[in-house]
Amino acid sequence: MTVLVGYVPSPEGEAALRAGIDEARLRDEKLLVVNTSRGDALLDTRFAQEPDLAHVREDLAALGVEFEIRQVLGGRDAAEEIIDLAELPDVSLVVIGLRRRSAVGKLIMGSAAQQILMGVDCPILAVKTAS
Numbered sequence: 001m002t003v004l005v006g007y008v009p010s011p012e013g014e015a016a017l018r019a020g021i022d023e024a025r026l027r028d029e030k031l032l033v034v035n036t037s038r039g040d041a042l043l044d045t046r047f048a049q050e051p052d053l054a055h056v057r058e059d060l061a062a063l064g065v066e067f068e069i070r071q072v073l074g075g076r077d078a079a080e081e082i083i084d085l086a087e088l089p090d091v092s093l094v095v096i097g098l099r100r101r102s103a104v105g106k107l108i109m110g111s112a113a114q115q116i117l118m119g120v121d122c123p124i125l126a127v128k129t130a131s
């Protein structure tokens with residue numbers, strides 16, 4: 001079985017990664033770290049660069065966690081990619097990080113986390129950063 005983590009190089013992404021590591025170790029499962037971008041902007045700070053991924057690889061290797069890192073660059077948004085990957089038969093849990101947003105911001109802009117929460121059938125662990 002596999003724990004899927006939606007990762008972005010941010011405090012929320014790091015919180016999701018840490019929670020995903022804990023869950024994978026607790027369940028004795030593989031960790032699938034997913035980072036994605038639609039690729040429609042010149043600079044997407046949510047798309048992990050090689051130093052970010054090297055940090056993730058080093059941490060996971062040091063902890064002895066079996067893992068796979070998957071980066072997707074394409075025309076779909078992160079929520080759609082995670083929802084599709086969560087349908088894989090071996091995904092037992094999805095872990096996402098939440099960021100603070102106003103209610104008006106969520107209403108106008110929507111929320112990838114909200115899309116994932118509504119679109120995924122398996123259990124989801126949503127984590128916040130410590131404030």
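Using UniProt numbering, you'd call the opening residue of the sequence shown number 1 and step up by one each time.
Quick reminder that beta carbons are idealized off the backbone N, C-alpha and C, glycines included.
Which term fits residue i, buried or exposed, when burial requires 16 or more other beta carbons within 10 angstroms of its beta carbon?
i	result
T45	exposed
L63	exposed
G20	buried
E68	exposed
G74	exposed
A16	buried
E12	buried
L26	exposed
The alpha helix (DSSP H) spanning residue i covers which residue range?
i	result
G6	Not the alpha helix (DSSP H): G6 falls in the beta strand (DSSP E), residues 2 to 6.
A78	78 to 86
Over what stretch of residues does the beta strand (DSSP E) that includes residue i continue unbroken?
i	result
V65	That residue, V65, is in no beta strand (DSSP E); it is neither H nor E in DSSP.
S92	91 to 98
S10	S10 -> no beta strand (DSSP E), and no H or E assigned at all.
T45	Where T45 is concerned, there is no enclosing beta strand (DSSP E), given that its DSSP letter is neither H nor E.
T36	30 to 37
Please state whether DSSP places residue i in a helix, a strand or coil.
i	result
Q71	strand
A15	helix
V120	coil
A112	helix
A130	coil
L26	helix
In angstroms, rounded to a whole number, what distance separates the CA positions of residue i and residue j?
i	j	result
P9	L117	21 Å
A54	V94	22 Å
E14	R99	12 Å
I96	R18	11 Å
D28	E66	9 Å
Q71	G6	10 Å
A61	A24	13 Å
Nearest to residue i by CA position, among the options, is which residue?
i	options	result
M1	K30, G97, E58	K30
C122	S92, R27, Q115	S92
S37	L60, V127, E81	E81
R57	A78, Q114, V33, R76	V33
Q115	K128, Q49, L60, A86	A86
residue 132	D90, P89, A78	Because the chain here runs from 1 to 131, residue 132 falls outside it and cannot be looked at.
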